[in-house]
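To keep things clear, I will list the structure first and then write my remarks on it.
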Amino acid sequence: MKRKDFFIGILAASVVTAGLTAYGVSKLSNGAQGDPQPSKTIEFVTGGAGTHFTSYERDNYPDLTYAAENAVQAVVNVENIQEVKVRNYNSRGFNPFLELFGMPQSPFGYDDDEEMPEFSSRERRSGGSGVIISSDGYIVTNNHVVDKASKLCVTLNDDTVYDARLIGTDPTTDVALIKIEATNLPTLTFGNSDELRLGEWVLAIGSPFELRSTVTAGIISAKARNLDIIPTDFRIESFIQTDAAVNPGNSGGALVNTRGELVGINTVIKSPTGTFTGYSFAVPSALVQKVVVDLKEFGVVQRALLGIRFGEINSDFVSEMGEQYGITETGGLYIGAVTDGGAAEAAGVKVGDIITHVDGIKTDRSTTLTEYIAKHRPNDKVTLTVKRKDKVKQIEVILRNTAGKAELLPNDYVDVLASLGGTFGELDSKESKKLGIDGGVVVRSVNQGGLLSELGIRRGYVITQINGQAIKSTTDISRIIKKVDSIGGVDSNGRHFVYRNFAPSAE
Numbered sequence: 350m351k352r353k354d355f356f357i358g359i360l361a362a363s364v365v366t367a368g369l370t371a372y373g374v375s376k377l378s379n380g381a382q383g384d385p386q387p388s389k390t391i392e393f394v395t396g397g398a399g400t401h402f403t404s405y406e407r408d409n410y411p412d413l414t415y416a417a418e419n420a421v422q423a424v425v426n427v428e429n430i431q432e433v434k435v436r437n438y439n440s441r442g443f444n445p446f447l448e449l450f451g452m453p454q455s456p457f458g459y460d461d462d463e464e465m466p467e468f469s470s471r472e473r474r475s476g477g478s479g480v481i482i483s484s485d486g487y488i489v490t491n492n493h494v495v496d497k498a499s500k501l502c503v504t505l506n507d508d509t510v511y512d513a514r515l516i517g518t519d520p521t522t523d524v525a526l527i528k529i530e531a532t533n534l535p536t537l538t539f540g541n542s543d544e545l546r547l548g549e550w551v552l553a554i555g556s557p558f559e560l561r562s563t564v565t566a567g568i569i570s571a572k573a574r575n576l577d578i579i580p581t582d583f584r585i586e587s588f589i590q591t592d593a594a595v596n597p598g599n600s601g602g603a604l605v606n607t608r609g610e611l612v613g614i615n616t617v618i619k620s621p622t623g624t625f626t627g628y629s630f631a632v633p634s635a636l637v638q639k640v641v642v643d644l645k646e647f648g649v650v651q652r653a654l655l656g657i658r659f660g661e662i663n664s665d666f667v668s669e670m671g672e673q674y675g676i677t678e679t680g681g682l683y684i685g686a687v688t689d690g691g692a693a694e695a696a697g698v699k700v701g702d703i704i705t706h707v708d709g710i711k712t713d714r715s716t717t718l719t720e721y722i723a724k725h726r727p728n729d730k731v732t733l734t735v736k737r738k739d740k741v742k743q744i745e746v747i748l749r750n751t752a753g754k755a756e757l758l759p760n761d762y763v764d765v766l767a768s769l770g771g772t773f774g775e776l777d778s779k780e781s782k783k784l785g786i787d788g789g790v791v792v793r794s795v796n797q798g799g800l801l802s803e804l805g806i807r808r809g810y811v812i813t814q815i816n817g818q819a820i821k822s823t824t825d826i827s828r829i830i831k832k833v834d835s836i837g838g839v840d841s842n843g844r845h846f847v848y849r850n851f852a853p854s855a856e
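Residues are numbered in my numbering as their position in the sequence shown, beginning at 1, plus a constant of 349.
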């Protein structure tokens, strides 16, 4: 919970006991009148709060002014300025329809002796928020706030404006780190998002609709939400859900507890209208802190991987696949695939194992395991508790990086999956045979601004090699850590193309 420094937590150790009134009911039997009748006592709950799961102090309510007045000083406005090229369609008579009928004209309305610039540069501006986390100018925000920026401008709460430089981004968590050249700045300290409790008061601070330093209040509605909205195959989603009002412009702003500690970075609105409709989502501070420390120290996020594919054993799993896999009870995570050369395979984890705990933490939800592993670095050790048939095993796993090695990535590492900009699926044997290739990765969707989009590669294209290395799975792509120089594959019509230096050539 959040309150002034001298407050005692409102969920303290005292327990309120419900009053119980016993009401005796004599049940008449079919026996003779006057026979002694057995009595049965039914207990009714007449006061208190019913069954108790936690403790409560009746008169200790939070004061949000301390958090608001302090935290607002460290929340900034971030402006993304992009230089974009636009085609110069001049108004002096160019008509593209005339071209269809072979009627020549001067392109873009220029005379033949005039210079005819095809494109010109214009500025496109967008805004978001950020949080100062160090007095020397490091600011955390969302990746989508700074994405494709030609220039970044930061406006502090006191209206001072600075140019900012990009330190690093992590598309898989939608977190970015930028820096301004300043000293003695107000900061927010990181709180522990793992300790957040349902119903705990929080504040969202940011710049919705360009209204800087806006503060809204709400409670923690849920934790570890997976929304499937970050457009990368290796996304890490374990959002904090709140009912604090968040709108466009709040992205990258602070979610703080009543002590004024940063417990999340406001990131997502899930709404049919694109504006607040009752709930919003934030990246938890425990994950944010790990990402920004990596970006500051290494310039790249040191992503740790188990090397497995898994699914929650919930009621749907049991009803649809329980008989096939001999699973009758919900709970745990079913391992459906183990990556060749990955950390789990090296530790002896097998397909069909059920993960019940990681380092003693129960794993009934996929987000629990995903977020926990995301807080680690390659070469860290974790202990999985797994059920294998009728036995329970403790398996120690040494985590590996995206290249399949138990070591930190170099600072020139390139996240190839993220840079490609798309989602992918593995080609099955039937499709491979049809195309006459030995496996590959099919492009399921293409994101605007990624390398695939720039090259004109469309949905359905099958990638068979990158930088001369054979590609048969998304894992193969993730293990390439250098800049992409060539992409080879087959388009949906069966034609083989290789893109070298961003130019296609037929093979």
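Positions of the beta carbon are idealized from the N, C-alpha and C atoms, including for glycine. Since the model is a prediction, treat every value here as computed from it, not as a measurement.
Could you spell out where the alpha helix (DSSP H) holding residue i opens and where it closes?
{"i": "L552", "result": "L552 -> not in any alpha helix (DSSP H); beta strand (DSSP E) instead, spanning W550 to G555."}
{"i": "F539", "result": "Taken as a continuous stretch (DSSP letters only), F539 belongs to no alpha helix (DSSP H), as it is neither H nor E."}
{"i": "T414", "result": "T414 to A420"}
{"i": "E672", "result": "S664 to Y674"}
{"i": "D643", "result": "S634 to F647"}
{"i": "V494", "result": "N492 to V495"}
{"i": "I826", "result": "T823 to S827"}
{"i": "E780", "result": "S778 to L784"}
Report yes if the C-beta distance between residue i and residue j is below 8 Å; otherwise report no.
{"i": "L800", "j": "S768", "result": "yes"}
{"i": "S781", "j": "G774", "result": "no"}
{"i": "K730", "j": "I744", "result": "no"}
{"i": "I703", "j": "V667", "result": "no"}
{"i": "V551", "j": "V632", "result": "no"}
{"i": "R474", "j": "N429", "result": "yes"}
{"i": "G479", "j": "V564", "result": "no"}
{"i": "G753", "j": "R828", "result": "yes"}
{"i": "A692", "j": "S629", "result": "no"}
{"i": "L576", "j": "V617", "result": "yes"}
{"i": "I482", "j": "L537", "result": "yes"}
{"i": "G623", "j": "D592", "result": "no"}
{"i": "V811", "j": "L776", "result": "yes"}
{"i": "V763", "j": "K831", "result": "yes"}
{"i": "A635", "j": "S542", "result": "yes"}
Please classify residue i as buried or exposed, where buried requires at least 16 other C-beta atoms within 10 Å of its C-beta.
{"i": "G555", "result": "buried"}
{"i": "P411", "result": "buried"}
{"i": "E418", "result": "exposed"}
{"i": "E661", "result": "buried"}
{"i": "T712", "result": "buried"}
{"i": "T532", "result": "exposed"}
{"i": "S587", "result": "buried"}
{"i": "S440", "result": "With a pLDDT of 46 at S440, under the threshold of 50, the predicted position of this residue should be treated as unreliable, though the coordinate-derived value follows. It counts as exposed."}
{"i": "R844", "result": "exposed"}
{"i": "G681", "result": "buried"}
{"i": "A398", "result": "Confidence is the limiting factor: at A398 the pLDDT is only 48, short of 50, which leaves the residue's position unreliable, though a coordinate-based value still follows. The residue is exposed, with fewer than 16 neighbouring Cβ atoms inside 10 Å."}
{"i": "Y848", "result": "buried"}
{"i": "P727", "result": "buried"}
{"i": "T490", "result": "buried"}
{"i": "Q590", "result": "buried"}
{"i": "D665", "result": "exposed"}
{"i": "G838", "result": "buried"}
{"i": "K742", "result": "exposed"}
{"i": "R793", "result": "exposed"}
{"i": "A416", "result": "buried"}
{"i": "I710", "result": "exposed"}
So that I know if they touch, is there some Cβ in chain C lying closer than 8 Å to that of residue i?
{"i": "D825", "result": "As a matter of chain content, chain C is missing from the structure shown, which is built from one protein chain."}
What first and last residue would you give for the beta strand (DSSP E) that runs through residue i?
{"i": "V833", "result": "No beta strand (DSSP E) holds V833; DSSP gives it neither H nor E."}
{"i": "S570", "result": "T563 to R574"}
{"i": "L804", "result": "Note, L804: premise wrong, no beta strand (DSSP E); alpha helix (DSSP H) at L800 to L804."}
{"i": "T504", "result": "K500 to T504"}
{"i": "D519", "result": "V510 to D519"}
{"i": "E775", "result": "G771 to E775"}
{"i": "S794", "result": "V790 to V795"}
{"i": "I812", "result": "V811 to I815"}
{"i": "K528", "result": "V524 to I529"}
{"i": "L604", "result": "A603 to V605"}
{"i": "I578", "result": "Counting along the chain, I578 falls outside any beta strand (DSSP E), and DSSP gives it neither H nor E."}
{"i": "Q590", "result": "F588 to T591"}
{"i": "I820", "result": "First-last for I820: undefined, no H or E at that position."}
{"i": "N615", "result": "L611 to I618"}
Taking 7 Å as the cut-off, is the beta-carbon of residue i closer than that to any non-hydrogen atom of the ligand FMN?
{"i": "I815", "result": "In the structure shown, the ligand FMN is absent, as is every other ligand, since no ligand is present at all."}
Since I believe residue j is in contact with residue i (beta carbons under 8 Å), could you give me their beta-carbon distance rounded to a whole number of angstroms?
{"i": "V495", "j": "L501", "result": "6 Å"}
{"i": "A566", "j": "V424", "result": "Contact doesn't hold; Cβ gap of about 15 Å is too wide."}
{"i": "G477", "j": "G613", "result": "That belief does not hold up - the Cβ atoms of G477 and G613 are roughly 15 Å apart, past 8 Å."}
{"i": "G540", "j": "R608", "result": "7 Å"}
Mind pulling the alpha helix (DSSP H) runs of 4 or more residues that sit fully within the stretch 684-766? If only uninterrupted alpha helix (DSSP H) runs of at least 4 residues are considered, those enclosed by the stretch 684-766 are 692-696 and 715-723.
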